[in-house]
Amino acid sequence: MSAKKSFVLRLDEAAYAALEKWAADEFRSVNGQLEWIISKALKDANRSPKEKKVNIAPDSKKTGG
């Protein structure tokens with residue numbers, strides 16, 4: 004799991020209420036909803052961070068005997 008950066012975000016009450024309702028409609032927390040919105044926006048703009056590729060060696064062939 005990657006480390007997460009904390010920061011303060013100030014929203015007006017109406018925007019927060021709308022965000023809170025949207026999150027509840029999708030069974031997410033407000034924080035989870037914000038993460039989803041930001042992640043989707045980054046993907047839509049082709050700006051999402053590159054995923055680290057893990058090289059996994061294929062299983063070696065077992066020889067029977």
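Residue numbers for the sequence shown follow our numbering, so the first one is 4 and each next one is one higher.
Note that the Cβ used here is the ideal one computed from N, Cα and C, for glycine as well.
It should be emphasised that the depicted structure is a prediction, and the values quoted were computed from it without experimental measurement.
Give the range of the alpha helix (DSSP H) segment to which residue i is assigned.
i: aspartate 47; result: 33 to 47
i: alanine 6; result: Premise fails: alanine 6 is in no alpha helix (DSSP H) and is neither H nor E.
i: leucine 22; result: 16 to 28
Alpha carbon to alpha carbon, what distance is there between residue j and residue i?
i: glycine 35; j: isoleucine 59; result: 31 Å
i: proline 52; j: leucine 12; result: 21 Å
i: alanine 26; j: lysine 8; result: 21 Å
i: arginine 31; j: asparagine 49; result: 25 Å
i: serine 5; j: tryptophan 39; result: 16 Å
i: tyrosine 19; j: glutamate 29; result: 15 Å
Check whether the Cβ atoms of residue i and residue j lie closer than 9 Å to each other.
i: leucine 37; j: leucine 22; result: yes
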